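Numbering (this note's numbering), first residue to last: 32 to 182.
We treat Cβ as the ideally placed atom computed from N, Cα and C, and that holds for glycine.
Since this is a predicted model, take the numbers as computed values, not measurements.
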Amino acid sequence: MKINELSDNAGARKSAMRVGRGIGSGKGKTAGSGHKGQKARSGVAINGFEGGQMPIYRRLPKRGFKSLNRKDYQVLNLGRLQSAIDAKKIDAKKAITVESLAEAGLVGKIGDGVRLLAKGELKAKIDITVTGASKGAVEAVEKAGGKVSVA
């Protein structure tokens, strides 16, 4: 094989449709934009426009409040933690940290930390350090013989 014989596979590169190049091309004259009207012009940006009717984002009332200083905790349930220990993703004998939870894939982007919640059942004795924990989760871990450190 020579370098001048190299070519793409058939159909690997598709050329763009050339619009506005005569009536015989199939996309001539109006170039697929139809006749007249705002959408036939260039520079159209009508997201949320409802033809003069009051748009839905203005009809609906504003509701609630989001603090600029809010914390975005990753949630971890005890049942999920137990299933990870059963699947040997986490070693229950070692101290469990937020970083080890992220490595095991139990939490995604750590953000402002991990909060431990009491949903599910924990059988393993663990020593876990998290950003926050519910009372029920702390009780369940201590009942199983472990301890929770909130850092």
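Taking residue i as the reference, which of the options has the closest Cα?
| i | options | result |
| --- | --- | --- |
| residue 140 | 177, 125 and 106 | 106 |
| residue 177 | 163, 123, 39 and 38 | 123 |
| residue 164 | 86, 108 and 131 | 108 |
| residue 82 | 74, 68, 93 and 72 | 68 |
| residue 89 | 96, 97, 95 and 79 | 79 |
Could you give the first and the last residue of the continuous beta strand (DSSP E) run that contains residue i?
| i | result |
| --- | --- |
| residue 148 | 145 to 148 |
Considering just the uninterrupted stretch of the alpha helix (DSSP H) at residue i, what are its terminal residues?
| i | result |
| --- | --- |
| residue 112 | 109 to 117 |
| residue 133 | 129 to 134 |
Identify whether residue i lies in helix, strand or coil by the three-state DSSP scheme.
| i | result |
| --- | --- |
| residue 139 | coil |
| residue 159 | strand |
| residue 178 | strand |
| residue 87 | helix |
| residue 77 | coil |
| residue 164 | strand |
| residue 183 | It is not possible to answer for residue 183, since the shown part of the chain is limited to 32 through 182. |
| residue 126 | strand |
Exposed or buried, residue i, counting other C-beta atoms within 10 Å across all chains shown (16 or more means buried)?
| i | result |
| --- | --- |
| residue 138 | buried |
| residue 161 | buried |
| residue 126 | exposed |
| residue 159 | buried |
| residue 37 | exposed |
| residue 91 | exposed |
| residue 129 | buried |
| residue 121 | buried |
| residue 168 | buried |
| residue 181 | exposed |
| residue 75 | exposed |
May I ask you to check if the CB of residue i is nearer than 7 Å to at least one heavy atom of the ligand NAD?
| i | result |
| --- | --- |
| residue 66 | This structure lacks the ligand NAD; in fact it carries no ligand of any kind. |
Tell me whether the stretch 145 to 156 and the stretch 111 to 121 touch, counting them as touching only if at least three CB pairs, one residue from each stretch, are closer than 8 Å. At 8 Å Cβ cutoff, the stretches touch.
Three or more C-beta pairs below 8 Å linking the stretch 137 to 148 and the stretch 159 to 176: Judged by pairs of C-beta atoms under 8 Å, the stretch 137 to 148 touches the stretch 159 to 176, as three or more such pairs exist.
Closer than 8 Å is the cut-off here; do at least three beta carbon pairs connect the stretch 85 to 102 with the stretch 54 to 64? Flag = no, the stretch 85 to 102 and the stretch 54 to 64 do not touch.
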